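Read the structure below first, then the notes.
2 protein chains.
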Amino acid sequence: MDLIDKKILYLLQSNARMSNANIAREIKLAPSVTLSRVRKLEEQGIITGYEAKLNHHELGLDMLAFVLIQVTGDKDIESLLIAIPGVQEVHNVAGDDCYLIKIRTRNTESLSKLLKEKVRGESISTKTIIVLTTLKETSKLTF
Amino acid sequence: MDLIDKKILYLLQSNARMSNANIAREIKLAPSVTLSRVRKLEEQGIITGYEAKLNHHELGLDMLAFVLIQVTGDKDIESLLIAIPGVQEVHNVAGDDCYLIKIRTRNTESLSKLLKEKVRGESISTKTIIVLTTLKETSKLTF
DNA sequence: CAGAAAACAGAATAAAATTCTATTATTAAG
DNA sequence: CTTAATAATAGAATTTTATTCTGTTTTCTG
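Protein chains in written order, with the UniProt record's numbering: chain A, 1 to 143; chain B, 1 to 143.
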């Protein structure tokens, strides 16, 4: 990975739908070479995918919350958490057999209902962090 | 927004670089119509962007942490937090003038150094949640 | 310095994006 | 129910892009 690859990654992180021709113009290389570099980054697993980002508000998902979930060591709650609609992230975190999930719902009611129905029964305790406003939210990385 | 638009959003969330021609084939509409629908979704602000997702491991960013930061009401810590390299999310959360950030670093040392140098001085307290393994991480939404 | 490997540019062609026009629904008003 | 207006669509034409191929240049290695 050289400077050119880093520029490509920067561009594709900013706009994943940028055409190969435009990337080529930006980095001042021929389209053929540019394409093979992008393909290589994909094959090497450095680029893992391309996602469209949607406006949660417009989709009626106004609620964002992080929930810390403590479980007993023997429960398999992982596949359950992953499958919950609205759950965008599931992390296993250090200390006390804990999971941290990031979840989007329509409102506080739908969140509370979801936690009650799907999570509470499988966990020792939950601690919910309600997001009021989001100031930054991206998967972009600088390196 | 009808069912066709939802299909388009589903496809672009799965692969933002899918060609318009392929989207058209999937939803069984002419490319011209498909393109105008995608453009409309962009103009309406329903699609807010397209991001390439990168492999953190490959980029040497093995550490992921969430940090809860408590501040006094009068401090402007927001622009500071947003500008920290590796910070992917900054949320203002309910209760006790708190921020929650999601941050990627090279290792525990670089995390601790970052918090010490940039955050501690501006905050009353910080609470760091270290991620051991990530089971799911996407911005994809089903609706 | 010589040879091999990788990276590159540029041309050719296949495919896609984009625009345009005409046709077909859909909707709203009378 | 009919008609006019609006929106959605298909399909053709054209521009642009993606992709492959060939030959050259550069870079690395011994």
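We treat Cβ as the ideally placed atom computed from N, Cα and C, and that holds for glycine. The model shown is predicted, which means the values in this text are computed figures rather than measured ones.
- Judged by beta-carbon spacing, B:P85 lies within the 7 Å limit of A:T142, meaning their Cβ atoms are closer than that value.
- Along the length of the UniProt domain "HTH asnC-type" (1–62) of chain B, whole beta strand (DSSP E) runs at least 3 residues long occupy 47–54, reported in chain order.
- Counting only runs of 4+ residues, the alpha helix (DSSP H) found wholly inside the stretch 65–112 of chain A occupies 78–83, in chain order.
- When DSSP states are grouped into helix, strand and coil, B:L141 belongs to the coil group.
- Here the C-alpha atom of A:A83 lies approximately 10 Å from the C-alpha atom of A:K118.
- At a C-beta separation below 8 Å, B:R17 has these neighbours in chain A: A16, R17, Y50.
- In terms of beta-carbon proximity, A:N107 stays away from the interface with chain B, with every pair separated by 7 Å or more.
- Residues are counted here when their Cβ sits less than 9 Å from a Cβ of chain A; for the stretch 84–111 of chain B these are P85, G86, V87, Q88, E89, V90, H91, N92, V93, A94, G95, C98, Y99, L100, I101, K102, R104, given in chain order.
- Looking at the DSSP output, B:I129 shares a beta bridge with B:F66.
- Less than 7 Å divides the Cβ of A:E89 from the Cβ of B:K136.
- Only those residues of the stretch 113–137 of chain A whose C-beta falls short of 8 Å from the nearest C-beta of chain B are listed: I129, I130, V131, L132, T133, T134, L135, K136, E137.
- When rounded, the separation of the alpha-carbon atoms in A:V87 and B:L132 is 18 Å.
- Residues F66, Q88, E89 of the same chain have their beta carbon placed closer than 6 Å to that of A:K102, with the five preceding and five following residues left out of the count.
- In this structure, B:R17 lies near A:A16, with their beta-carbon atoms less than 7 Å apart.
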